[in-house]
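Trainee: Going by my numbering, the sequence shown opens with residue 180, and the numbers climb by one from there.
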Amino acid sequence: MDPAMHTGKAQDNGCSRIRSLLFVPADNPRKLQKAVTLGADALIFDLEDAVLPARKCEARTMLAEFLHGYRGPSQPWVRVNDLQSGEILADLGAVIRPGVAGVVLPKLRGPEDLDHLGHYLDAVEAMSGCAQGATRVLAVCTETPIAVLRMAELAKKGHPRLAGLIWGAEDLSSALGAGDPRSAGGVWQPLYEHARAQCLLAAHALGIEAIDTVYVDIRNGEGCRSNAVLARRDGFTGKIAVHPDQVAIINDAFTPKAEEIAYAQRVVDAFGGSAGAVSVDGRMLDMPHLRGAQRVLRAAGVL
180 MDPAMHTGKA QDNGCSRIRS LLFVPADNPR KLQKAVTLGA DALIFDLEDA VLPARKCEAR
240 TMLAEFLHGY RGPSQPWVRV NDLQSGEILA DLGAVIRPGV AGVVLPKLRG PEDLDHLGHY
300 LDAVEAMSGC AQGATRVLAV CTETPIAVLR MAELAKKGHP RLAGLIWGAE DLSSALGAGD
360 PRSAGGVWQP LYEHARAQCL LAAHALGIEA IDTVYVDIRN GEGCRSNAVL ARRDGFTGKI
420 AVHPDQVAII NDAFTPKAEE IAYAQRVVDA FGGSAGAVSV DGRMLDMPHL RGAQRVLRAA
480 GVL
């Protein structure tokens, strides 16, 4: 996401545009090497759910060695273990170094968790030679019931390191002892639609990335495409991929098409920098339409 796509804090979020974010197990050398070639805007090297407890230490060592020589085109992020796990300090000490874009914090409970993580990062950056504040945070903000209930607090407070919010349903469903968060037709059950909307609204209130959750049917490329197109239409700026085949699909869905760019340019040109309302193709447009057109052009790299 172009930081200029939003106002306010988005100017400081420290991220270039992120359409696709691919999860990569941190303890699999073959997948670590292959991930660099897959074209994702961001790679999330996973020390949490993708790594069995008995392999956490080995995974940290493996990932630290990999990141030491990392020169790939994708932004490198690390999903650390949550603040209650007893693993997070070891995670941070192993992987925080110059060049790592940031960490993905799972199972957020409230804005104080961001403060807590920020203090840890202050200390680790000082010891690892990173510039203070260089390590950004993407927070998974719908995995605990309390986080969903406290989303308004998060939207009001935020954190200087916070670059984006991610939503997900499976951990929330597990926390509730509930069944499949999707209906038989793949549509989100109402509770999870609510969590999705809360994440989306909070991210835009803060002017940061709004990242849509995974599409789990990895064999259904058209389903993934439709799901990603819907997410972009709703206002999400990027989407998580869980399989390499989803990366190109997501990138394409979140990239403005030629006709969108052409129309957006016509809208911007029609306003001419001074008009408050204009007519384009027989439709009356005002400032929200201009801002929408400018977002399309920024996403396309035109502005």
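Glycine residues also receive a C-beta, built at the ideal position from the N, C-alpha and C atoms.
For I419, report the span of its beta strand (DSSP E) as first-last.
Mentor: From DSSP, the beta strand (DSSP E) with I419 extends over G417 to A420.
Trainee: According to DSSP, is E388 helix, strand or coil?
Mentor: In this structure, E388 counts as strand in the three-state DSSP scheme.
Trainee: Decide if the region 207 to 216 is in contact with the region 428 to 447; the criterion is three or more beta carbon pairs, one per stretch, under 8 Å apart.
Mentor: Contact between the region 207 to 216 and the region 428 to 447 is absent, because fewer than three Cβ pairs lie under 8 Å.
Trainee: According to the Cβ coordinates, are Q254 and I197 closer than 8 Å?
Mentor: Yes, the pair counts as a contact, with Cβ atoms nearer than the cut-off.
Trainee: In three-state DSSP terms, what is I428?
Mentor: Looking at I428 - three-state DSSP - the assignment turns out to be helix.
Trainee: From L379 to R258, what distance separates their C-alpha atoms?
Mentor: So the two alpha carbons sit approximately 20 Å from each other.
Trainee: My guess is that L483 and V446 are in contact by the Cβ rule of under 8 Å, so how many angstroms apart are they, rounded?
Mentor: Since the first residue of the chain shown is 180 and the last is 482, residue 483 is not available in this structure.
Trainee: Residues in its own chain within less than 8 Å of V395 by CB, not counting five upstream and five downstream?
Mentor: So the list reads V421, once near-sequence residues are dropped.
Trainee: When we look at the beta-carbon of S199 and count the other beta-carbons within 10 Å, is it buried (16 or more) or exposed?
Mentor: When all chains shown are included, S199 counts as buried.
Trainee: Can you check DSSP and say which residues form a bridge with I223?
Mentor: F202 and W256.
Trainee: Looking at the secondary structure, which residues open and close the beta strand (DSSP E) in which A318 lies?
Mentor: Its beta strand (DSSP E) spans residues R315 to V319.
Trainee: Just verifying my parser: in three-state terms, what is the DSSP assignment at G281?
Mentor: Correct three-state label for G281: strand.
Trainee: Determine, using beta carbons only, whether V230 and V282 come nearer to each other than 8 Å.
Mentor: No, Cβ-Cβ distance for V230 and V282 is not below 8 Å.
Trainee: Would the region 323 to 331 and the region 277 to 291 be scored as touching if the rule is three or more Cβ pairs under 8 Å?
Mentor: These segments touch.
Trainee: Which first and last residues belong to the beta strand (DSSP E) in which S458 is found?
Mentor: Per DSSP, S458 belongs to the beta strand (DSSP E) from A456 to V459.
Trainee: Buried or exposed: Q425, going by 16 or more other Cβ atoms within 10 Å of its Cβ?
Mentor: So Q425 ends up on the buried side.
Trainee: Measure from the alpha carbon of H338 to the alpha carbon of each residue in E227, F224 and A382, then state which is nearest.
Mentor: Comparing Cα positions, the closest option is A382.
Trainee: By a C-beta neighbour count over all protein chains shown, 10 Å radius and 16 as the cutoff for buried, is Q311 buried or exposed?
Mentor: So Q311 ends up on the exposed side.
Trainee: Between which two residues does the beta strand (DSSP E) carrying I440 extend?
Mentor: Careful: I440 lies outside any beta strand (DSSP E), inside the alpha helix (DSSP H) at A437 to F450.
Trainee: In this structure, does DSSP put R477 in helix, strand or coil?
Mentor: The answer is helix: DSSP assigns R477 an H, G or I state.
Trainee: Would you call the CB atoms of A384 and A334 closer than 8 Å?
Mentor: Result yes, Cβ atoms of A384 and A334 sit closer than 8 Å.
Trainee: Report the residue from F224, I387 and I275 whose alpha carbon sits nearest the alpha carbon of G308.
Mentor: When only C-alpha atoms are compared, the closest one is I275.
Trainee: As a quick exercise: from Y249, A221, V215 and D261, pick the residue whose alpha carbon is nearest that of D228.
Mentor: Measuring from the Cα of D228, the nearest candidate turns out to be D261.
Trainee: Give the straight-line distance between the Cα atoms of Y442 and A456, rounded to the nearest whole angstrom.
Mentor: Each residue's Cα considered, the two are about 16 Å apart.
Trainee: Kindly indicate which residue of L293, H247, D294 and A238 has the alpha-carbon position closest to the one of A269.
Mentor: When each option's Cα is compared against that of A269, the closest is A238.
Trainee: Considering only their Cβ atoms, is the gap separating V408 from P435 smaller than 8 Å?
Mentor: Going by C-beta atoms, P435 is not nearer than 8 Å to V408.
Trainee: Look at the Cβ atom of D225, then the Cβ atom of F245, and state whether they are nearer than 8 Å.
Mentor: No.
Trainee: What residues match up with M463 in a beta bridge as DSSP calls it?
Mentor: Note: M463 sits in a beta bridge opposite S458.
Trainee: To the nearest whole angstrom, what separates the beta carbons of P290 and E332, a pair I think is in contact under 8 Å?
Mentor: Right, their Cβ atoms sit about 6 Å apart.
Trainee: Check whether the Cβ atoms of T416 and G347 lie closer than 8 Å to each other.
Mentor: For T416 and G347, no; Cβs fall outside 8 Å.
Trainee: Is D292 buried or exposed, if buried means 16 or more other CB atoms sit within 10 Å of its CB?
Mentor: So D292 ends up on the buried side.
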